[in-house]
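**Q** Handing you a structure now.
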Amino acid sequence: EAQVTQNPRYLITVTGKKLTVTCSQNMNHEYMSWYRQDPGLGLRQIYYSMNVEVTDKGDVPEGYKVSRKEKRNFPLILESPSPNQTSLYFCASSPGQGAPNNQPQHFGDGTRLSIL
Amino acid sequence: GEDVEQSLFLSVREGDSSVINCTYTDSSSTYLYWYKQEPGAGLQLLTYIFSNMDMKQDQRLTVLLNKKDKHLSLRIADTQTGDSAIYFCAESRAGGGADGLTFGKGTHLIIQP
Numbered sequence: 028e029a030q031v032t033q034n035p036r037y038l039i040t041v042t043g044k045k046l047t048v049t050c051s052q053n054m055n056h057e058y059m060s061w062y063r064q065d066p067g068l069g070l071r072q073i074y075y076s077m078n079v080e081v082t083d084k085g086d087v088p089e090g091y092k093v094s095r096k097e098k099r100n101f102p103l104i105l106e107s108p109s110p111n112q113t114s115l116y117f118c119a120s121s122p123g124q125g126a127p128n129n130q131p132q133h134f135g136d137g138t139r140l141s142i143l
Numbered sequence: 017g018e019d020v021e022q023s024l025f026l027s028v029r030e031g032d033s034s035v036i037n038c039t040y041t042d043s044s045s046t047y048l049y050w051y052k053q054e055p056g057a058g059l060q061l062l063t064y065i066f067s068n069m070d071m072k073q074d075q076r077l078t079v080l081l082n083k084k085d086k087h088l089s090l091r092i093a094d095t096q097t098g099d100s101a102i103y104f105c106a107e108s109r110a111g112g113g114a115d116g117l118t119f120g121k122g123t124h125l126i127i128q129p
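Just so you know, the protein sequences line up as chains A and F, in that order. Be aware that the first sequence starts at 28, since it is given in the numbering used here, and climbs by one per residue. Be aware that the second sequence starts at 17, since it is given in the numbering used here, and climbs by one per residue.
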């Protein structure tokens, strides 16, 4: 079954304690991206990756890092989380190779982070 | 800057048609998308339309695009309880790259029995 898997689904942690949210897709997709969803703001893109070792900033990259060492995995790293990063996070993937396939077609089920 | 606007709520009776509207500002948009988000789940791509088209139909879904007015709509025929979700309109900026997607804030579709 084609899927995007995020872990953990829920996490409560404290300010400054480094955390990583993993994302894995089994569809051999080239494009992967991370979004955060906040009430009244919709979805905003954090980072995206067009292929292995190719990453770029989205609209709200501050406070986040990503890596793309393998095609299937695209972890989101919060080196020093702060309360304003409390949000619902989604990983997404798409086949790539030109529009419209560059846009996210498969989303994970989300990770709800609470930073105290 | 780019902006995508949607009304927050739409309530319809089961069996009626639902029409969800969206306006956008970026005239260079190449593709426009509709996503569905069910409770506790990620977004699901429903359909998309290229900016040189004015209509696209896919089973119960009909997308209408008025490029002059920058207005996009999603019509769901014979609305069912399973259609209850949040629907997001999104536009891609020129080039259609992965960095160019702007989402609206979503429309909650509420189905009355």
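From the three backbone atoms N, C-alpha and C, an ideal C-beta is built for every residue, glycine too. Nothing here was measured: the structure is a model prediction, and the numbers come from that model.
(1) Taking 8 angstroms as the CB-CB cut-off, is A:Gln72 touching chain F?
(2) Please confirm whether A:Phe101 has its beta-carbon closer than 8 angstroms to some beta-carbon of chain B.
(3) For F:Gly98, which of helix, strand or coil comes out of DSSP?
(4) For A:Gln132, which residues in chain F fall below 8 angstroms Cβ to Cβ?
(5) Which residues in the same chain as A:Pro102 place their Cβ atom closer than 8 angstroms to its Cβ, once the five residues preceding and following it in sequence are excluded?
(6) Which residue from A:Thr40, A:Ile73 and A:Met54 puts its Cα closest to that of A:Gly85?
(7) Does the distance from the C-beta atom of A:Gln30 to that of A:Thr138 stay below 8 angstroms?
(8) If you count every other CB in all the chains shown that lies within 10 Å of the CB of F:Thr97, and 16 or more means buried, which is it?
(9) Answer yes or no: does any C-beta atom of chain F fall closer than 8 angstroms to that of A:Gly137?
(10) Of the residues A:Leu115, A:Ser141 and A:Tyr62, which one's Cα is nearest the Cα of A:Ser109?
(11) Kindly indicate which residue of F:Thr118, F:Ile126 and F:Glu30 has the alpha-carbon position closest to the one of F:Tyr47.
(12) Leaving out five residues on either side along the sequence, give the residues of the same chain with a beta carbon under 6 angstroms from the beta carbon of F:Thr78.
(13) A:Leu38 by DSSP, collapsed to three states: which one?
(14) Taking three-plus beta-carbon pairs below 8 angstroms as touching, is the segment 113-123 of chain A in contact with the segment 22-42 of chain F?
(15) A:Gln52 lies in the beta strand (DSSP E); which residues open and close that run?
(16) Alpha carbon to alpha carbon, what distance is there between F:Trp50 and F:Leu59?
**A** Based on what the coordinates show:
(1) Mapped onto the first sequence, residue 72 of chain A falls at position 45. Residue-level contact check: A:Gln72 touches chain F, since one or more beta carbons of chain F fall below 8 angstroms from its beta carbon.
(2) As a matter of chain content, chain B is missing from the structure shown, whose protein chains are A and F.
(3) In the second sequence, the residue the question calls residue 98 of chain F occupies position 82. DSSP, reduced to helix, strand and coil, places F:Gly98 within a helical segment of the structure shown.
(4) For the purposes of this step, residue 132 of chain A is taken as the residue at position 105 of the first sequence. Near A:Gln132 (Cβ distances below 8 angstroms), the residues of chain F are Leu61.
(5) The count along the first sequence starts at 1 and reaches residue 102 of chain A at position 75. Closer than 8 angstroms at the Cβ level, and outside the excluded window around A:Pro102, lie Thr47, Val48, Thr49, Cys50, Val93 and Ser94.
(6) Here the question's residue 85 of chain A lines up with position 58 in the first sequence. It is A:Ile73 whose Cα lies nearest to the Cα of A:Gly85.
(7) Mapped onto the first sequence, residue 30 of chain A falls at position 3. Mapped onto the first sequence, residue 138 of chain A falls at position 111. The Cβ-Cβ distance between A:Gln30 and A:Thr138 does not fall below 8 angstroms.
(8) Numbered from 1 along the second sequence, position 81 holds the residue referred to as residue 97 of chain F. Under a 10 Å Cβ-count criterion, F:Thr97 is classified as exposed, with fewer than 16 other Cβ atoms of the shown protein chains found around its own Cβ.
(9) Mapped onto the first sequence, residue 137 of chain A falls at position 110. At least one CB atom of chain F sits nearer than 8 angstroms to the CB of A:Gly137.
(10) Along the first sequence, one-based indexing puts residue 109 of chain A at 82. Cα-wise, what sits closest to A:Ser109 is A:Ser141.
(11) Residue mapping note: residue 47 of chain F aligns to position 31 of the second sequence, counting from 1. The shortest Cα separation from F:Tyr47 among F:Thr118, F:Ile126 and F:Glu30 belongs to F:Thr118.
(12) The residue you call residue 78 of chain F lines up with position 62 of the second sequence. Excluding its 5 nearest sequence neighbours in each direction, F:Thr78 has C-beta neighbours in its own chain below 6 angstroms: Arg91, listed in chain order.
(13) In the first sequence, counting from the first residue as 1, residue 38 of chain A sits at position 11. In this structure, A:Leu38 counts as strand in the three-state DSSP scheme.
(14) In this structure the segment 113-123 of chain A does not touch the segment 22-42 of chain F; the number of beta carbon pairs closer than 8 angstroms is below three.
(15) As a first step, residue 52 of chain A is located in the first sequence; it is residue number 25 there, counting from the start. That run of the beta strand (DSSP E) goes Leu46 to Gln52.
(16) Locating residue 59 of chain F in the second sequence gives position 43, where the first residue counts as 1. Locating residue 50 of chain F in the second sequence gives position 34, where the first residue counts as 1. Taking C-alpha positions only, F:Leu59 is separated from F:Trp50 by approximately 10 angstroms.
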